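See below for the structure under consideration.
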Amino acid sequence: MGFVNVKKKEVLIKIVYYGPGRGGKTTNLDYINNKFKERIKTDMVSIKTHGDRTLFFDFLPVDIGKIKGFDIKIQLYTVPGQVKYNATRKLVLKGVDGLVFVADSQVEMREKNKLALEQMKENLAAMNKDIAKIPLVLQYNKADLREEGIPLLDFETLEQDLNSDLGVPSFEGSAVTGYNVVKTLKKAISLTMISFKKELL
Amino acid sequence: MYGISQEQLDEIDSLLIHELIGVGVHSAIVVDVAGNVIAEHDNGNNTTIDVHSFAALAAGNFAAVDAMAQLVGEQEFSLHFHKGETESIHFSKVNSDILLITIFGNDISLGFLRLKTTEVIEKIKSIWTTTQY
């Protein structure tokens, strides 16, 4: 849950990248970390397995500037994507303000995307949060693989599978090349800020 | 989104400075369970830590140990302690929303620190009666 510190004049916001394993959540954060190095004063924290997969979470704090004199600090987290780590995913979701769901566009990942989204919905419900109300952006990652001849689901199919009920902003993306990575994050931040504004009114 | 008043923050700051830093604790941090830093103070003599990363890890660590507690049939483990060669870390739960973390050296005994943190926790609890928004 976002915290407003009236003394330090700062607002802390938690945005979590969620999605199936090996979908590109950490790669999104890596790209943001490299792209905005000058705004990120610290190293990205990653708790990984020996196989380089996220075990607990990645954490990246980004300062995005001021709104009405308050410093806005966005704290980006990823969850571990592997099915067996659901208990850990629930812990990372605690106090979440906004979400980016990173889907893997590869044809073979179709069911895993749907399962991960369904589980995210359940995990949110367990914390009394409604997926329909929380700021959420979908990213259909790995668009770069199309050029390598790897079969990908088209945008319409992904929309039908994942976004037909939700109707949230969605982007095709490539975390490796950076295509739409920043656009996805900006959208997630703006939706989260709008939802905060609504809470304050 | 939530917040607490300037007065509440001032009172918490004053507690951390006088009751903890004042008795030799190197660093005292109040974080919420989402990993947000609510208040932090240090004695200025020790290497400054990246407090936001520290808070994220501390909240994650606390949540993980809480989940382990439930697996062994405990409601919670309300305090954790990590012993280092020169610096040690003590975590304690203030209420269901916030944690108090202290970093201290070998010059303070664990017993004394526990006594002080228990006092501070009770005082923070009485300050943390309302949140805003």
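Residue numbers (my numbering), protein chains in the order written: chain Y, 35 to 235; chain C, 3 to 135.
For every residue, glycine included, the Cβ atom is placed at its ideal position computed from N, Cα and C.
Owing to the predicted nature of the structure, the values given are computational and were not obtained by experimental measurement.
For Q173 of chain Y, report the span of its alpha helix (DSSP H) as first-last.
That residue, Q173 of chain Y, is in no alpha helix (DSSP H); its beta strand (DSSP E) goes L170 to N175.
DSSP three-state call for E206 of chain Y: helix, strand or coil?
strand
Whose CA, out of Y:I108, Y:G129, Y:P95 and Y:V215, lies closest to the CA of Y4 of chain C?
Y:G129
Could you tell me whether the region 151-170 of chain Y touches the region 130-137 of chain Y, using the rule of 3 or more Cβ pairs below 8 Å?
yes
Could you check whether the region 74-94 of chain Y touches the region 111-125 of chain Y, counting it as contact only if at least three pairs of C-beta atoms, one from each stretch, sit closer than 8 Å?
Segments in contact, yes.
Any non-hydrogen atom of the ligand FAD closer than 7 Å to D15 of chain C Cβ
Although the ligand FAD was asked about, the structure shown includes no ligands whatsoever.
For V33 of chain C and L101 of chain C, believed in contact at Cβ under 8 Å, the rounded distance:
5 Å
Reduced DSSP category for L81 of chain C - H, G, I as helix; E, B as strand; rest coil:
strand
Rounding to the nearest angstrom, what Cα-Cα distance links V96 of chain C and D109 of chain C in this structure?
When rounded, the distance between both Cα atoms is 25 Å.
Helix, strand or coil for K148 of chain Y? Go by DSSP, reduced to three states.
In the structure shown, K148 of chain Y falls within a helical segment according to DSSP collapsed to helix, strand and coil.
According to DSSP, is V126 of chain Y helix, strand or coil?
helix
Quick one: which chain Y residues come within Cβ less than 7 Å of N1 of chain C?
It is not possible to answer for residue 1 of chain C, since the shown part of chain C is limited to 3 through 135.
Rounded to the nearest angstrom, what separates M161 of chain Y and M35 of chain Y at their Cα positions?
12 Å
I'd like to know if A69 of chain C contacts chain Y, where contact means its C-beta is closer than 8 Å to some C-beta of that chain.
yes
Whose CA, out of C:I51, C:V39, C:E78 and C:Q77, lies closest to the CA of A61 of chain C?
Closest by alpha carbon: C:V39.
Please return the same chain residues whose Cβ sits closer than 7 Å to the Cβ of I19 of chain C, not counting the five positions on each side in sequence.
H43
Taking Q109 of chain Y as the query, report the chain C residues whose CB atoms sit under 8 Å from its CB, ordered along the chain.
G37, N38, H54 and A58
Would a check of beta-carbon distances place A209 of chain Y closer than 8 Å to chain C?
no
For V122 of chain C, which option in C:E13, C:S7 and C:L17 has the closest C-alpha, if you only look at C-alpha atoms?
C:L17
What is the DSSP secondary structure of L59 of chain C, counted as helix, strand or coil?
helix
Integer Cβ distance of L187 of chain Y from L151 of chain Y, believed to fall under 8 Å
Not a contact, Cβ separation roughly 14 Å.
Same chain, Cβ closer than 8 Å to E193 of chain Y, neighbours up to 5 away in sequence not counted
S204
Does any residue of chain Y bring its CB to less than 8 Å from the CB of S7 of chain C?
yes
Please list the terminal residues of the continuous alpha helix (DSSP H) segment that includes Q8 of chain C.
Taken as a continuous stretch (DSSP letters only), the alpha helix (DSSP H) holding Q8 of chain C covers Q8 to L17.
When DSSP labels each residue in this structure, what does F70 of chain Y get in the three-state scheme?
coil
Interface residues of chain C facing T5 of chain Y [CB-CB closer than 8 Å]
Because chain Y spans 35 through 235 in this model, residue 5 of chain Y falls outside it and cannot be assessed.
As assigned by DSSP and simplified to three states, the class of T50 of chain C
coil
Under 8 Å from the C-beta of S121 of chain Y: neighbouring residues of chain C:
First, the residue type needs correcting, since residue 121 of chain Y is Ala and not Ser in the sequence shown. Within chain C, the residues whose beta carbon sits less than 8 Å from that of A121 of chain Y are A69, listed in sequence order.
Below-8 Å beta-carbon distance, T88 of chain Y vs any chain C residue:
no
Out of Y:V117, Y:D138 and Y:F189, which has the shortest C-alpha to C-alpha gap to N157 of chain Y?
Y:V117
Kindly list, in the order they appear in chain Y, the residues whose Cβ is closer than 8 Å to that of D34 of chain C.
M35, F37 and G129
Buried versus exposed, by CB contacts within 10 Å (16 or more), I184 of chain Y:
exposed
Compute the Euclidean distance between the alpha carbons of A11 of chain C and V38 of chain Y, then round it to the nearest angstrom.
What sits at residue 11 of chain C in the sequence shown is Leu, not Ala. Going from the Cα of L11 of chain C to the Cα of V38 of chain Y covers about 11 Å.
Using a cut-off of 9 Å between C-beta atoms, extract the partners of L11 of chain C located in chain Y.
N39, V40, K41 and K42
Against chain C, does V79 of chain Y count as a neighbour if the rule is that its beta carbon must be under 8 Å from one of theirs?
yes
Which of helix, strand or coil DSSP assigns to K232 of chain Y
helix
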